[in-house]
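Undergrad:
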Amino acid sequence: MSAAATETTDETTDRTVDETTDETTGRTAAVPAGRTLAARLRALRTDDRGSGAAAVVIFALVFMALAAFVVDGGLSIAKRERAADIAEQAARYAAQDIDTTALRDAQGNAQPVIDYQQCTARVQQFARDVDLPASDWRRAGCPTPPTGPDRVEVVVYVTYKPILGGFFYHNSITVEGRAEAVSITGAGN
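Numbering of the sequence shown is given in UniProt numbering, commencing with residue 1 and proceeding in unit increments.
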């Protein structure tokens, strides 16, 4: 590393000052006269130029992380709501599959009996109809036995990839929606 020195007079203090210029970088530093070459080079290295660039880079990274948090957080909420909506509609769709013969043969105010054997097939059909990907609609269904002959519980899964969080997290995220529907008839049965 080489440096060229020129001697000038500082007009504000009337002192003799050497200006040292680093020939490789072109940077100039004012060093009081009589200092060694090492002191002059050290003065060049302690210059504050470029420190703002580091702050800009750090703030840009923080801003991107916050943007990813806000955007992907909103996307997660939207996908959870979509899964819940699809599950509610699929539960109503599955609850419509009643045993009509048993209903016609019933006496008085008998409630309809849902054909639970077809529950998962109907839920998957509904999930296909709302354009869920095959990996999601194949997992949809009625996971637990019904708590009564007139009710059905449904679970639906929705998988998505984070938008901005994908820079840091490369896997897909799956959210779950659960709903229950009850099949009831009017007073006239």
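Where a beta carbon is used, it is the ideal one built from N, C-alpha and C, also for glycine.
Where do the ends of the beta strand (DSSP E) carrying Gly-52 lie?
TA: As a position in the sequence shown, residue 52 is number 52, starting the count at 1. Premise fails: Gly-52 lies in the alpha helix (DSSP H), 51 to 95, not in any beta strand (DSSP E).
Undergrad: Per the contact definition of three or more C-beta pairs closer than 8 Å, is the segment 175 to 183 in contact with the segment 86 to 101?
TA: Yes: at least three Cβ pairs fall under 8 Å.
Undergrad: Could you tell me which of Val-57, His-170, Asp-99 sits nearest to Asp-150, measuring between CA atoms?
TA: Locating residue 150 in the sequence shown gives position 150, where the first residue counts as 1. It is Asp-99.
Undergrad: Could you tell me if Gly-135 is buried or exposed, where buried requires 16 or more neighbouring beta carbons within 10 angstroms of its beta carbon?
TA: The residue labelled residue 135 in the question sits at position 135 within the sequence shown. Correcting the residue identity first, residue 135 is Ser in this sequence and not Gly. So Ser-135 ends up on the exposed side.
Undergrad: According to the Cβ coordinates, are Val-152 and Val-175 closer than 9 Å?
TA: Here residue 152 refers to the residue found at position 152 of the sequence shown. Here residue 175 refers to the residue found at position 175 of the sequence shown. No.
Undergrad: Are Tyr-169 and Lys-79 close, meaning C-beta to C-beta below 9 Å?
TA: Locating residue 169 in the sequence shown gives position 169, where the first residue counts as 1. Locating residue 79 in the sequence shown gives position 79, where the first residue counts as 1. No, these two residues do not count as a Cβ contact at 9 Å.
Undergrad: Which residues in the same chain as Asp-97 place their Cβ atom closer than 8 Å to its Cβ, once the five residues preceding and following it in sequence are excluded?
TA: Position 97 of the sequence shown holds residue 97. Only Ile-114, Asp-115, Gln-118, Cys-119, Arg-122 meet the Cβ criterion.
Undergrad: For Val-130, which residues from the same chain have a beta carbon less than 8 Å from its beta carbon, with the 5 sequence-adjacent residues on both sides left out?
TA: If you number the sequence shown from 1, residue 130 lands on position 130. Excluding positions up to five away in sequence, the list reads Ile-86, Gln-89.
Undergrad: In the structure shown, what three-state DSSP assignment does Tyr-116 receive?
TA: Here residue 116 is taken as the residue at index 116 of the sequence shown, counted from 1. Here Tyr-116 sits in helix by DSSP.
Undergrad: How would you call Pro-133, buried or exposed, if buried means at least 16 neighbouring beta carbons within 10 angstroms?
TA: By one-based count along the sequence shown, residue 133 stands at place 133. Exposed: under 16 other Cβ atoms inside 10 Å.
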